[in-house]
Structure formats: C-alpha cells, structure tokens
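S.K.:
2 protein chains.
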Amino acid sequence: MSYQIELRHIKYFLAVAKDLHFRRAAERLFISQPGLSRQIKQMEDDLGVVLFERHNRKVILTKAGAYLRDELTLNLKNLEHTFYHAKLLNNGKKGGLRLGYVGSAMQDIIPNLLLTFRKEHPDVIFNLKEMDNHKQIEDLLSYDLDIGFVRLDRVPKELEIKPILKEPFCLVLPYSHSLNKESFKSLNQLKEAPFILFDPKYSTSYFEKVMQIFDDSGFSPIVSHNTIHASSIYKLVEHHFGVSIVPKSLVDHNNTKVKFIELSHIKQRTTLSMVWNTQNRNPVLKGVFDFILGVSR
Amino acid sequence: MSYQIELRHIKYFLAVAKDLHFRRAAERLFISQPGLSRQIKQMEDDLGVVLFERHNRKVILTKAGAYLRDELTLNLKNLEHTFYHAKLLNNGKKGGLRLGYVGSAMQDIIPNLLLTFRKEHPDVIFNLKEMDNHKQIEDLLSYDLDIGFVRLDRVPKELEIKPILKEPFCLVLPYSHSLNKESFKSLNQLKEAPFILFDPKYSTSYFEKVMQIFDDSGFSPIVSHNTIHASSIYKLVEHHFGVSIVPKSLVDHNNTKVKFIELSHIKQRTTLSMVWNTQNRNPVLKGVFDFILGVSR
DNA sequence: CTATTTGATAACTCATAGTTATTATTTATT
DNA sequence: AATAAATAATAACTATGAGTTATCAAATAG
Numbered sequence: 628m629s630y631q632i633e634l635r636h637i638k639y640f641l642a643v644a645k646d647l648h649f650r651r652a653a654e655r656l657f658i659s660q661p662g663l664s665r666q667i668k669q670m671e672d673d674l675g676v677v678l679f680e681r682h683n684r685k686v687i688l689t690k691a692g693a694y695l696r697d698e699l700t701l702n703l704k705n706l707e708h709t710f711y712h713a714k715l716l717n718n719g720k721k722g723g724l725r726l727g728y729v730g731s732a733m734q735d736i737i738p739n740l741l742l743t744f745r746k747e748h749p750d751v752i753f754n755l756k757e758m759d760n761h762k763q764i765e766d767l768l769s770y771d772l773d774i775g776f777v778r779l780d781r782v783p784k785e786l787e788i789k790p791i792l793k794e795p796f797c798l799v800l801p802y803s804h805s806l807n808k809e810s811f812k813s814l815n816q817l818k819e820a821p822f823i824l825f826d827p828k829y830s831t832s833y834f835e836k837v838m839q840i841f842d843d844s845g846f847s848p849i850v851s852h853n854t855i856h857a858s859s860i861y862k863l864v865e866h867h868f869g870v871s872i873v874p875k876s877l878v879d880h881n882n883t884k885v886k887f888i889e890l891s892h893i894k895q896r897t898t899l900s901m902v903w904n905t906q907n908r909n910p911v912l913k914g915v916f917d918f919i920l921g922v923s924r
Numbered sequence: 628m629s630y631q632i633e634l635r636h637i638k639y640f641l642a643v644a645k646d647l648h649f650r651r652a653a654e655r656l657f658i659s660q661p662g663l664s665r666q667i668k669q670m671e672d673d674l675g676v677v678l679f680e681r682h683n684r685k686v687i688l689t690k691a692g693a694y695l696r697d698e699l700t701l702n703l704k705n706l707e708h709t710f711y712h713a714k715l716l717n718n719g720k721k722g723g724l725r726l727g728y729v730g731s732a733m734q735d736i737i738p739n740l741l742l743t744f745r746k747e748h749p750d751v752i753f754n755l756k757e758m759d760n761h762k763q764i765e766d767l768l769s770y771d772l773d774i775g776f777v778r779l780d781r782v783p784k785e786l787e788i789k790p791i792l793k794e795p796f797c798l799v800l801p802y803s804h805s806l807n808k809e810s811f812k813s814l815n816q817l818k819e820a821p822f823i824l825f826d827p828k829y830s831t832s833y834f835e836k837v838m839q840i841f842d843d844s845g846f847s848p849i850v851s852h853n854t855i856h857a858s859s860i861y862k863l864v865e866h867h868f869g870v871s872i873v874p875k876s877l878v879d880h881n882n883t884k885v886k887f888i889e890l891s892h893i894k895q896r897t898t899l900s901m902v903w904n905t906q907n908r909n910p911v912l913k914g915v916f917d918f919i920l921g922v923s924r
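Note that the protein sequences, when read in sequence, are chains S and H. Using this note's numbering, the first residue of the first sequence is number 628, and each one after it goes up by one. Using this note's numbering, the first residue of the second sequence is number 628, and each one after it goes up by one.
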C-alpha cells in the first residue's frame, strides 16, 4: 500500500529510461520537459531511490534504475494483458490467445487444430501470426505470444515444449524426373543432384536432422539454394534448379509440376512442437493446450 | 500505454473487492464514500468493464471483476517487491531474502548455512522466520516468502523442491532407561512403551515415514502425546511420559536428562528440503540457492 | 409505515500535474 | 577566448480532477 507512486510515474520513468534524454522523452509523452523532470524527481523522492545520474550532457541509469527499468517494463506489460483479458471476459468471451506458427505448420496441421477447437470453444478469440522459430521464442519470452508452433528440439528454460506431431520427410523432384516411387531405393541415387534446403537459420535443429539423413546415406549433398518458404522450394524444383527434402505435412497435392516421394524407410522424423511460457498467466492458456495435447495424442 | 488508470484506482478497487462494501472500504482507505464510488466508476468507464453488480443491499464482483481482483492483487504485490528490492540496490545491497524454516532445521543446519553464506555475501539482507511446513508453502505461493526449509516430500507444482539433507532418526529415552546403545537391538524392545511423536499435521509425509519405521518393526506404537517442538518432546521423555523418535539433527547434546540412540540400521531417512517458487523474481534468489545447493552437496 | 442502510448524484474546494519562462551548466563552434 | 547551442533544474502560474459535504433514491428491517 505504502506508496503514492502512480502508473503515470512508472510510464514516465520508462520513457526516460528508454532514450535517456528528458526533453526527447517529454516530447514522446506529449508533456513539457519540466513537468517530466518533476515527476521523475517525485518518484525518486517517494521511492527513496536515485534513478538516474544526470551529468555532462548525458543521463545514465543507476543500478537500481536499471533494475526498475526491467522489472517495471514487465509489470506494466502484465497489467495491459490483465486489462485486455478482463475486457474479453466482460464481453462474455473466455479470453484471447495469440498463436504463432512456422509457415510449414499452416499447410494443414494448424488449420485443422483450430477448426476443431473453435467448434468446442467459440468464446476464445484467436490471433494468428506466421513467424519464424526464433521470433516465436523471443515473443514467448517477452509475453507477446501465448503459444508457438515450432520445429525446434530445445528452447530456453523459461519455456516449456511439447511435441505434437512427428512426421517423415518427403523427397521433392521435378515432375519429369527419371526417379519415381518404384525406381527410388536410396538417397544415394541423388548423390550428384543439387539440393534446395531450408535455411539453417530457420531452425538449426531441423537443418541438422536433414543433414543426418545425408550422413546416414553416406554422402554430403550439394546445396545450391536456401529458402524459407516451401512454395519457393517447389518453384525452384519445378524449374530444375535441384531437388529437395521437406516435411510430409508440406506436401502440396495440387502442385502438378513436382512429385513427392515419402522417405518412410528413413529413421529421421521432423517434429512440430508446441511451446509456451510457463510464467504466462493468460487465463485460457491451460485449457487450450490441454485440448491441443488431447487432440494430437 | 493506453489507459489513464492509476495505481490509486487499482488499490481502491481491491479494497472494495475485498469487503464488497463501498462505505466500509472507503473508511479503510480514509476517503469519503462518494469519492470512492466515483473512482470505481471511472475505472469501469476507462476499462470498459463492469466490475461490480450493485443491487439489493449487496455488492458482488462480476466475472471480469473477480479475475481482476486476483490478477491485480498479484501485480500490486509484485510492484511492492520490486520497489523494496530497488531500495536495497540503492543502498549498495544486492537484495533481500525472506527465509522460512521448520523449527527442527534451526538446531544446527540453518545457522551454519547462513553463517557461511553471510561471510561470502554480506550485502544480502536476511529475514528469518520459523514457520510450520504448510504456512511456508502458503507464503511461498503468495510470494510472501522466498525460500522455505521444510520436511515435505511433495509440494504444489508452482513450487520447486530440492532435498538438501538426508538424515537418520534417533530414539529418545529417559537417561535412566534400561536400554542403551549396547543393549538396543530393535524397536521391538519398545513395543509396550508409549510414544511421543510430532503432530501428524506438522507434516504428513514426515509422520508417515515414522509410521513406516514401526510397520517395518512389526508393531503399531502406542502414541501418548503429539507435540510440535523438540524441546517439549524431551521434557515429556525426561518425565517418563514415554519415549520418542526424532531426526538426528535435533539431538541436543547438552541435555543430560535424556539419551539418544541413533537408528542408523533403519532404512528410513528424513529429508530437509529447500523449496521456492519458480515464478519468484527476487533478484538474489538464484545466486543464493546455487550457493546453498553447492554447500549441501 | 417509519427508520435505516446502502450506493449514486450534485456542487464545491483545493492539491497538484502540467504549463511557460527562465536559469545554471556544460560542451561545441568560431 | 568568446559565443552559441544543448541540456536539465527551478520558479511561478493555471486549470484539471480527486476528494469533500450535503443530499437523494431505493430497498429493506422492525
């Protein structure tokens, strides 16, 4: 109870902490510089803590100030989420959910999952966003995302990860390619072909898994192109820039320019996993991933 | 950024949510009832959320209101902790730590641990409190405690638990008792003796472990008294109310009125564990239990 | 049917957030 | 060295709105 510090002080403090410049911070806040200075001063007095060292044309955060910058940023974000959810609850909704997913999950996994879910829980608002693996991790850590769907094996310890789908790989060949389901026996037959693969930075663990396939086949592929979209892979394959390997769920049945051969005899599987922040207090989160884990089991 | 809701609103809201009575809440806040009513109204308008249903002489929380009560309570507590730690940082301290422990850990474990720690980290402020197992769990969950030392095997999933000391049990007998280290072979020899034991509500898992000892010895003890303090056990034993079993660390070497026989041949061990809340953001917490786990290993 | 308990409304006041004008100090620029 | 520019703090003013008192409306209890 103790303090008469208000959210205003906290917001002002964070603004100054951000660009370490009173006048510019004041501008961004649409108030005058002296007004801002006084509020900061007041916060320092109330708290009994010096927040900034003001000297020689530069302002820097004290140790306590830096600590407060980090903690209060989080706290404020938390508040906003709380208010957002309260609003949804007020409107008879159960809550909102921000979902991220790698493009390769949108082909058919995510849509099916969500359709089923929405039928049972029409009162949860979804916000869907395609993002790469690392952006998802980042946003999960900063509480800007509730659930991510990634192709990663490991995530930072603040996050929890649960595999929801293991799938085999498929070979992608130009439609006119000499190999077909019957004549294809081993990857060795493609020893000389250039390969078009997902960019390693898309997911190192995914990339390493693909490389293991080549290792097991006893050769290193000639990698001619890296991309991050399945559709560009197919375009390149179609125009004979090379051949490729993709997760089975990315198979595009409508594409008549390329053909797919499932590598079911190969032991490697790629895993689509669900990730979330264990500290996330989103009220619908628990129910939702209970559901998803139930469906995917 | 959006809202012009202030901490004042939140504090007022929580006050009303607490006793569901505007006039009484206003009194507790030392403001007038109309003032409070207006602030709550304003919060509802700003938020676009109805917080209370006011009718027939009673005020009740809406769904959204109840959600906000829970979340905002936490959030406010969080803020207070943050300010508290900032103050410590400002004074050149690294932080503060609130420790709880069951009495039976104070005999020699906790003091030694803390003395060693204080030598290396004089800049951490301690706050020590003897509490029973369940009170510690409760306070850890509500963020009123940073680390607990308990004799429990399991804790709620929000908490993490790490055993730091396993120790055998000791028999406690009056000094003049006919049994001694040499003549004692088995608990069976005390089949007819009344036992003075720790109250089961002190810790069911501790109690069950003691009961297992009797099970393994093939008899059920006659339990004559329950207490929660080792010293009262010793007093009762001294005056021939019965005999007892206690963890080895509770042995009081200065007590000449009773004698202790270590039950090292018995497989049961009692475990003193450290517990903390994984969500606790106390900045010194991590360093501290790294230290404690290091020492106790 | 009166008395009492409740929260909302209305009108007032005073504390203070935010304003403009200015100063002190340090650092570029000539 | 002298001047100009940049910065945050200080001082004095103003106007918004938090908190006040007085009152009302509704709903119960005796």
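Every residue, glycine too, gets a C-beta built ideally from N, C-alpha and C.
When the distance is taken between beta carbons, is F825 of chain S closer than 8 Å to F834 of chain S?
M.R.: The count along the first sequence starts at 1 and reaches residue 834 of chain S at position 207. The count along the first sequence starts at 1 and reaches residue 825 of chain S at position 198. Yes. Within cutoff.
S.K.: Could you pull out every residue in the same chain whose Cβ sits closer than 6 Å to the Cβ of G727 of chain S, ignoring the five residues on either side in sequence?
M.R.: As a first step, residue 727 of chain S must be located in the first sequence, where it is residue number 100. Excluding positions up to five away in sequence, the list reads K756, M758, Q763, L772, G775.
S.K.: Use the C-beta contact count for I791 of chain H: other C-beta atoms within 10 angstroms, 16 or more gives buried, fewer gives exposed.
M.R.: To locate residue 791 of chain H, count along the second sequence from 1; it is residue 164. So I791 of chain H counts as buried.
S.K.: How do the region 803-820 of chain H and the region 845-853 of chain H stand: do at least 3 beta-carbon pairs fall below 8 Å, yes or no?
M.R.: Touching, yes, given that three or more Cβ pairs across the two stretches are closer than 8 Å.
S.K.: Name the two residues that bound the continuous beta strand (DSSP E) containing S821 of chain H.
M.R.: As a position in the second sequence, residue 821 of chain H is number 194, starting the count at 1. The amino acid at residue 821 of chain H is misidentified as Ser; the sequence shows Pro. Note, P821 of chain H: beta strand (DSSP E), 821-825.
S.K.: Can you look up F846 of chain S in the DSSP assignment and give me helix, strand or coil?
M.R.: As a position in the first sequence, residue 846 of chain S is number 219, starting the count at 1. Coil.
S.K.: Counting only beta-carbon atoms, is M628 of chain H nearer than 8 Å to chain S?
M.R.: Start at 1 with the first residue of the second sequence, and residue 628 of chain H comes out as number 1. In this prediction, M628 of chain H has a pLDDT of 44, which is less than 50 and means its spatial position is unreliable; what the coordinates show is noted afterwards. At least one chain S Cβ lies under 8 Å of M628 of chain H.
S.K.: If I follow the unbroken beta strand (DSSP E) through Y639 of chain S, where does it start and stop?
M.R.: Here residue 639 of chain S refers to the residue found at position 12 of the first sequence. First-last for Y639 of chain S: 634-646, but that is the alpha helix (DSSP H), not the beta strand (DSSP E).
S.K.: Using a beta-carbon distance below 8 Å, is Q669 of chain S in contact with chain H?
M.R.: On the first sequence, position 42 is the one that residue 669 of chain S refers to. Closer than 8 Å: no.
S.K.: Do you know offhand how far A820 of chain S's Cα is from V782 of chain S's?
M.R.: For the purposes of this step, residue 820 of chain S is taken as the residue at position 193 of the first sequence. For the purposes of this step, residue 782 of chain S is taken as the residue at position 155 of the first sequence. Each residue's alpha carbon lies about 34 Å from the other.
S.K.: With a cut-off of 8 Å, does the C-beta of Y694 of chain H fall near any C-beta of chain S?
M.R.: Here residue 694 of chain H refers to the residue found at position 67 when the second sequence is read from its first residue. Answer yes: the Cβ-Cβ gap between Y694 of chain H and chain S drops below 8 Å somewhere.
S.K.: So H712 of chain S and M670 of chain S are supposed to be a Cβ contact under 8 Å. How far apart are they, rounded?
M.R.: Working through the first sequence from its first residue, we reach residue 712 of chain S at position 85. Working through the first sequence from its first residue, we reach residue 670 of chain S at position 43. Not quite, the Cβ-Cβ distance comes to about 28 Å (not below 8 Å), so this is no contact.
S.K.: Nearest to E889 of chain H by alpha carbon, out of H:I855, H:S900, H:T898, H:V873?
M.R.: On the second sequence, residue 889 of chain H is found 262 positions in, with the first residue counted as 1. With distances taken between Cα atoms, E889 of chain H lies closest to H:V873.
S.K.: According to the neighbour-count rule (16 or more other Cβ atoms, all chains shown, within 10 Å of its Cβ), is L920 of chain S buried or exposed?
M.R.: Taking the first sequence and counting its residues from 1, the one referred to as residue 920 of chain S is at position 293. So L920 of chain S ends up on the exposed side.
S.K.: Out of S:T689, S:L674, S:D672, point me to the one whose CA is closest to E680 of chain S's CA.
M.R.: For this step, residue 680 of chain S is matched to residue 53 along the first sequence. Cα-wise, what sits closest to E680 of chain S is S:T689.
S.K.: Got a sec? Which residues, its chain only, sit under 7 Å from N881 of chain H by beta carbon, not counting five neighbours each side?
M.R.: Counting from 1 along the second sequence, the entry for residue 881 of chain H is found at position 254. Nothing meets the Cβ criterion.
S.K.: To the nearest angstrom, report how far apart K793 of chain S and T898 of chain S are at their CA atoms.
M.R.: Start at 1 with the first residue of the first sequence, and residue 793 of chain S comes out as number 166. Start at 1 with the first residue of the first sequence, and residue 898 of chain S comes out as number 271. About 5 Å.
S.K.: Alpha carbon to alpha carbon, what distance is there between L663 of chain H and I752 of chain S?
M.R.: Here residue 752 of chain S refers to the residue found at position 125 of the first sequence. Here residue 663 of chain H refers to the residue found at position 36 of the second sequence. Cα-Cα distance, rounded: 33 Å.
S.K.: Which chain H residues are close to G675 of chain S, counting only those with a beta carbon under 8 Å from its beta carbon?
M.R.: The count along the first sequence starts at 1 and reaches residue 675 of chain S at position 48. Residues of chain H passing the Cβ test: K714, N717.
S.K.: Determine which residues share a DSSP beta bridge with R696 of chain H and list them.
M.R.: Working through the second sequence from its first residue, we reach residue 696 of chain H at position 69. Note: R696 of chain H sits in no beta bridge, so no partner.
S.K.: Counting Cβ pairs closer than 8 Å, one from the region 696-712 of chain H and one from the region 700-718 of chain S, do we hit at least three?
M.R.: Result yes; three or more Cβ-Cβ pairs closer than 8 Å.
S.K.: Round the Cβ separation of D735 of chain S and S876 of chain S to the nearest angstrom and send it over; I've been treating them as touching at under 8 Å.
M.R.: As a first step, residue 735 of chain S is located in the first sequence; it is residue number 108 there, counting from the start. As a first step, residue 876 of chain S is located in the first sequence; it is residue number 249 there, counting from the start. Indeed they touch by this definition, with Cβ atoms about 6 Å apart.
S.K.: Answer yes or no: do V799 of chain H and V911 of chain H have a C-beta to C-beta separation smaller than 8 Å?
M.R.: Indexing the second sequence from 1 puts residue 799 of chain H at position 172. Indexing the second sequence from 1 puts residue 911 of chain H at position 284. Not a contact, by the Cβ cut-off of 8 Å.
S.K.: Looking at the strands, I want to know which residues DSSP matches up with M901 of chain H.
M.R.: In the second sequence, the residue the question calls residue 901 of chain H occupies position 274. Partner(s): H:F776, H:K789.
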